[in-house]
Amino acid sequence: MNIYKNILSAKKERKKLLAVLIDPEKIDLKNIASFFEKVHQSITTHIFVGGSTDKDNVTDTVVAAIKKTTHLPVILFPGDVKQISQKADGILFLSLLSGRNPEYLIEQQIKSVPFLKDSSLEIISTGYILIDGKKDTATQKVSNTKPIAQENTELILNTAFAGEFSGKKLIYLEAGSGATVPVDANIITLVKNNLSIPLIVGGGIRSKKQLETAFNAGADLVVIGTAFENDEAFFNQLKK
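Residue numbers for the sequence shown follow this note's numbering, beginning at 7 and rising by one.
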């Protein structure tokens, strides 16, 4: 399985991708099978697993359960090094480019090396940019960083450029879990039209219309988590 190669191919073919984000702290293991019945009937193409915290260290257990129920690629979206599971298919190797806290720019990455250097996980270098979604998010609190205001488009674009120039394979614009306001379509288009690497967009997307807006604006892959956590019926709007 070459996850990044497939994302690049989808980008070239203008095929839009959808990732369901599963927070290990919020999903009940007993419900995984029924949850994935809905996932497999939808347009979902990828599974992301991760959260800002994992106090009970359940990520590995959750990933193992997911792998038993799906053929879709399972990709770690870790809040810290403790959330690395060798049972997944890949990992977004995140650098929080919008913040200036060295812990999430490079320290966590260094700490992860012993777990990744001999791993079979596909490691995908990702520039993570937190955009103000008009709600304080767990990412802000844990990383002790502030998001970039949506009005500051020049800074957002330059930060994305810095990610590409420094060799990131993906740029991820994130309004934050449960954001009141998703990343504006104009921002998505601006970044999409200026970068050559694939663009991921997530946070605050709760309807099919908002999903389509993000896709039409240029997102190559959209991530939805909270909407499915709150109401699995949302899958009915996204059937194949």
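Note that beta-carbon positions come from the ideal geometry of N, C-alpha and C, so glycine has one too.
One alpha carbon belongs to A155, the other to F221, and they sit about 21 Å apart. Annotated three-state conformation of S48 is strand, per DSSP.
When DSSP states are grouped into helix, strand and coil, S202 belongs to the coil group. Per the Cβ contact rule, the stretch 177–191 is in contact with the stretch 132–147 (3 or more Cβ pairs under 8 Å). Beta-bridge partners assigned by DSSP to Y134: L102, Y178. Collapsing the DSSP output to three states places I72 in a helix.
When DSSP reads this structure, F54 sits in a beta bridge with L27, I81. Per DSSP, the beta-bridge partners of G96 are I81, E128. For L227, the enclosing beta strand (DSSP E) stretches over residues 227–230. Of the other Cβ atoms in all chains shown, 16 or more fall within 10 Å of the Cβ of H52; this residue is therefore buried. If the five residues before and after S48 are omitted, its C-beta is found closer than 7 Å to the C-beta atoms of F241, L244, K245, K246, all from its own chain and listed in chain order. Counting the other Cβ atoms within 10 Å of the Cβ of T219 gives 16 or more, which makes it buried. Within the same chain, and ignoring the five residues on either side of G105 in sequence, the residues whose Cβ sits closer than 6 Å to its Cβ are S149, T151.
Nearest to V64 by C-alpha distance, out of L127, Q89, E109, is Q89. For the pair of segments examined, the stretch 27–40 was found to touch the stretch 66–86: the number of CB pairs separated by less than 8 Å reaches three.
I116: member of the alpha helix (DSSP H) spanning 114–122, first to last residue.
G208 has E180, V229 as its beta-bridge partners, per DSSP.
The stretch 117–125 makes no contact with the stretch 181–199: fewer than 3 CB pairs, one atom from each, lie closer than 8 Å.
Of the residues assessed, K32 falls on the exposed side of the cut-off, its CB having fewer than 16 other CB atoms within 10 angstroms.
DSSP, read as helix, strand or coil, puts I154 in strand.
Take T76, set aside five residues on each side of it, and the residues of its chain with a beta-carbon closer than 8 Å to its own are F42, V45, H46, I53, in chain order. By the neighbour-count criterion, in which 16 or more other beta carbons inside 10 Å mark a residue as buried, I162 falls on the buried side. Nearest in C-alpha terms to V80, of all of S101, K174, T59, I9, is I9.
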